[in-house]
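Position 247 (the sequence shown) corresponds to 319 in our numbering; numbering is contiguous. Written below as structure tokens is the structure these notes are about.
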Amino acid sequence: FRYGEASEVVVPTPNGDVYIGEQHPIVVVAGPCSVENEEMIVETAKRVKAAGAKFLRGGAYKPRTSPYAFQGYGESALDLLAAAREATGLGIITELMDAADLPALSRVADVIQIGARNMQNFALLKKVGAQDKPVLLKRGMSATIDEWLMAAEYILAAGNPNVILCERGIRTFDSKYARNTLDLSVIPVLRSLTHLPIMIDPSHGTGKSEYVPSMAFAAIAAGTDALMIEVHPNPARALSDGPQSLTPDGFDRLAHEMSVIGKVV
Ligand code: PEP
Ligand code: MN
């Protein structure tokens with residue numbers, strides 16, 4: 073790679089190849105925090121697809137702070153993601169926490185997510201580096217940009233060039249008002265340091281659905297390549313991350329407003 077030359081990640085999905093990178097329209101990933109049942113995941117997939125999302129997100133294996141919190145439905149949730157993929161043709165993004173789950177997860181995932189809490193799980197990074205699916209690498213909640221880029225380097229060095237960096241907010245001193253501090257300055261900073269595509273996650277970045285649209289617009293203004301937005305059919309009853317989830321109607325409005333600004337198709 074030459075300095076200043078952006079790379080793109082091309083993801084084959086049933087609906088066709090999706091290109092993620094500076095030279096392409098902004099790609100939107102949407103869906104619930106966790107896959108809860110077939111009806112909710114398939115319905116959400118249909119709604120976010122109609123609004124313009126190119127990928128459905130949804131966790132089967134959930135990295136929860138408390139061991140007593142909902143941990144995700146695991147392998148059975150992967151089957152539900154497969155059903156949503158089949159019904160809509162959307163690409164699937166879902167989190168891998170344990171290398172032992174890689175074969176099952178790879179059967180449904182078009183992009184493998186490594187979550188903030190595993191950003192420096194080097195054994196896991198080497199494993200996803202040694203397979204073919206693109207990897208979405210979230211920034212650790214207290215990781216410096218150099219640590220994040222070195223984590224990405226583990227995947228690249230193991231042979232997988234298809235890495236997307238996702239900013240999801242860093243540890244804040246003021247959690248009274250926002251779950252994290254969404255560090256949008258990483259967009260110009262990363263542009264000067266790396267060729268890798270950039271995604272912004274305003275849902276985890278703020279923790280509150282009412283702040284998600286403004287941060288999505290801000291990320292677009294700052295030049296993001298992609299956005300990840302949590303959407304749940306009934307946020308009040310979500311098994312995880314309800315407070316930060318948009319309803320399908322709310323996502324629809326946001327997607328419309330983003331398309332008016334342009335850059336998002
Ligand atoms: C998620 O995407 O639902 C998630 C757990 O994200 P993070 O790793 O950024 O907390
Ligand atoms: Mn979540």
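Glycine included, every Cβ here is placed at the ideal spot set by N, Cα and C.
Open item on the list: Which same chain residues end up closer than 6 Å to M330 when comparing Cβ atoms and leaving out the 5 residues on each side of it in sequence?
Closed with: Within the sequence shown, residue 330 is the residue found at index 258, counting from 1. Counting only Cβ-Cβ distances below 6 Å, and skipping sequence neighbours, we find V336.
Task: Three-state secondary structure assigned by DSSP to P130 - done: Numbered from its first residue, the sequence shown carries residue 130 at position 58. One detail in the question is off: residue 130 reads as Gly in this sequence, not Pro. Reduced to three states, the DSSP call for G130 is coil.
Task: With 16 other Cβ atoms within 10 Å as the buried cut-off, status of I333 - done: Within the sequence shown, the letter at position 261 stands for residue 333. I333 is exposed by the Cβ-count criterion.
Task: Proximity test, D273 beta-carbon vs ligand 2 heavy atom, cut-off 6 Å - done: Here residue 273 refers to the residue found at position 201 of the sequence shown. Ligand 2 never approaches D273 closely enough for any of its heavy atoms to be under 6 Å from the residue's Cβ.
- [ ] Give the single residue among D89, E77, A250 and A290 whose Cα lies nearest to the Cα of V258.
- [x] One-based indexing of the sequence shown puts residue 258 at position 186. Distances from the alpha-carbon of V258 to those of D89, E77, A250 and A290 put A290 closest.
Task: Test item: CB-CB of N87 and G161 under 7 Å - done: Here residue 87 refers to the residue found at position 15 of the sequence shown. Here residue 161 refers to the residue found at position 89 of the sequence shown. For N87 and G161, yes; Cβs fall inside 7 Å.
- [ ] Could you work out which residue in I92, T278, A123 and V99 is closest to P320 when comparing CA atoms only?
- [x] As a working note, residue 320 is residue 248 in the sequence shown. Here the closest residue by C-alpha is A123.
Task: Identified DSSP bridge partners for T69 - done: Outside the shown range of the chain (73 to 337) lies residue 69, about which nothing can therefore be said.
Task: Minimum length 3: unbroken beta strand (DSSP E) runs contained in the region 161 to 199 - done: If only uninterrupted beta strand (DSSP E) runs of at least 3 residues are considered, those enclosed by the region 161 to 199 are 163 to 167 and 183 to 186.
Task: DSSP state of K210 mapped onto helix, strand, coil - done: Residue 210 sits at position 138 when you count from the first residue of the sequence shown. K210: strand per DSSP, three-state reduction.
Task: Counted within 10 angstroms of its Cβ, other Cβ atoms place S312 as buried (16 or more) or exposed - done: Indexing the sequence shown from 1 puts residue 312 at position 240. Buried, by the Cβ-count rule.
TODO: Identify whether G322 lies in helix, strand or coil by the three-state DSSP scheme.
DONE: Numbered from 1 along the sequence shown, position 250 holds the residue referred to as residue 322. In the three-state DSSP reduction, G322 falls in the helix class (H, G or I).
Open item on the list: Can you find the residues in the same chain that come closer than 7 Å, C-beta to C-beta, to A78, ignoring five residues on each side of it along the sequence?
Closed with: Along the sequence shown, read from residue 1 onward, the residue named residue 78 stands at position 6. Hits under 7 Å: G93, E94, Q95 and H267.
Task: Inside the region 264 to 325 only - beta strand (DSSP E) runs reaching at least 3 residues - done: Fully enclosed beta strand (DSSP E) runs of 3 or longer: 270 to 272 and 298 to 302.
Open item on the list: Please report the straight-line C-alpha distance between F73 and A310, rounded to a whole angstrom.
Closed with: By one-based count along the sequence shown, residue 73 stands at place 1. By one-based count along the sequence shown, residue 310 stands at place 238. Legend: pLDDT at F73 = 49, less than 50; position of this residue unreliable, no value from coordinates given.
Open item on the list: I'd like to confirm something about D324: is its beta-carbon nearer than 6 Å to some heavy atom of ligand 2, or not?
Closed with: Translated into the one-based positions of the sequence shown, residue 324 becomes position 252. No.
Open item on the list: Let me check you understand the geometry: is the CB of D151 closer than 6 Å to at least one non-hydrogen atom of ligand 3?
Closed with: The model on display carries ligand 1 and ligand 2 but not ligand 3.
Task: Contacting residues, own chain, Cβ-Cβ under 8 Å from A155 (five flanking each side not counted) - done: The residue you call residue 155 lines up with position 83 of the sequence shown. If we look at A155 and ignore the five residues flanking it on each side, its Cβ neighbours are E110, I113 and V114.
Open item on the list: I need the boundaries of the beta strand (DSSP E) containing L237, first residue and last residue.
Closed with: For the purposes of this step, residue 237 is taken as residue 165 along the sequence shown, with counting starting at 1. Its beta strand (DSSP E) spans residues V235 to E239.
Task: For S148 and G270, the rounded distance between their alpha carbons - done: Locating residue 270 in the sequence shown gives position 198, counting from the first residue. Locating residue 148 in the sequence shown gives position 76, counting from the first residue. Here the sequence assigns Ile to residue 270, which means Gly is not the residue at that position. C-alpha separation (whole angstroms): 31 Å.
TODO: Specify whether the region 215 to 232 and the region 166 to 185 touch according to this definition: at least 3 beta carbon pairs, one from each stretch, less than 8 Å apart.
DONE: Between the region 215 to 232 and the region 166 to 185, the count of Cβ pairs shorter than 8 Å is below three; the stretches do not touch.
Open item on the list: Quick check on this structure: which residue in V99, Q143, Y140 and G144 has the alpha carbon closest to the alpha carbon of L128?
Closed with: Taking the first residue of the sequence shown as position 1, residue 128 is located at position 56. Of the residues V99, Q143, Y140 and G144, the one whose Cα lies closest to the Cα of L128 is V99.
TODO: Pull up the distance between the alpha-carbon of A327 and that of E282, whole angstroms please.
DONE: To locate residue 327, count along the sequence shown from 1; it is residue 255. To locate residue 282, count along the sequence shown from 1; it is residue 210. C-alpha separation (whole angstroms): 15 Å.
TODO: Would you check whether ligand 1 has a heavy atom nearer than 6 Å to the C-beta of H96?
DONE: Position 24 of the sequence shown, counted from the first residue, corresponds to residue 96. H96 Cβ: outside cutoff for every heavy atom of ligand 1.
- [ ] Mark R243 as exposed unless 16 or more other C-beta atoms lie within 10 angstroms of its C-beta, in which case mark it buried.
- [x] One-based indexing of the sequence shown puts residue 243 at position 171. That one is exposed.
Open item on the list: By the DSSP assignment, the beta strand (DSSP E) with V101 in it spans what residues?
Closed with: Translated into the one-based positions of the sequence shown, residue 101 becomes position 29. For V101, the enclosing beta strand (DSSP E) begins and ends at V99 to G103.
Task: Cut-off 6 Å between Cβ atoms - residues of its own chain near P285, not counting five sequence neighbours on either side - done: For the purposes of this step, residue 285 is identified with residue 213 of the sequence shown, where counting begins at 1. Short of 6 Å from the beta carbon of P285, and not among the five residues preceding or following it, lie these beta carbons of its own chain, in chain order: L326.
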